[in-house]
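Residue numbers (this note's numbering): 1380 to 1479.
Structure representation (structure tokens):
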């Protein structure tokens, strides 16, 4: 990222594409989901819609996450609070579940 733009490099060597990013767009980190941890884990939200930049397709998508429940996991190193989250893309109806 630089100056509010993202540079996407082509794997076929055809060059880079510069895409301007709107304010408040989320660049997904599919390993850690820091925005979900902040809003649903620490913030206890029930539902939120994010504008997400999909790197693979180089498109923006409105994605809604909804809390589905909470559970405490008692592990040898201590207890962890977890929450289930559904993810729906209204534009295409694709959904999945996330545990944070």
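Heads up, the beta-carbon is just placed ideally off N, CA and C, and yes, glycines get one too.
Computed from a prediction, not measured in an experiment: that's the story for all the values here.
#### Entry: Given residue 1447 as reference, the closest of 1467, 1413, 1405 and 1404 once Cα atoms are compared
1467
### Message
Nearest by alpha-carbon distance to residue 1464: which of 1445, 1452, 1454 and 1453 is it?
### Response
1445
#### Entry: CA nearest to the CA of residue 1428, picked from 1404, 1436 and 1408
1404
### Query
Can the beta-carbon of residue 1401 be found less than 8 angstroms from the beta-carbon of residue 1430?
yes
### Task
Determine the burial state of residue 1419: buried for a count of at least 16 other Cβ atoms within 10 Å of its Cβ, exposed for fewer.
buried
### Task
Tell me whether residue 1412 sits in a helix, a strand or coil according to DSSP, three-state version.
coil
### Query
Rounded to a whole number of angstroms, what is the C-alpha to C-alpha distance between residue 1388 and residue 1382?
17 angstroms
### Query
Can you name the residues that DSSP bridges to residue 1434?
Looking at the DSSP assignment, residue 1434 forms no beta bridge with any residue, so it has no partner.
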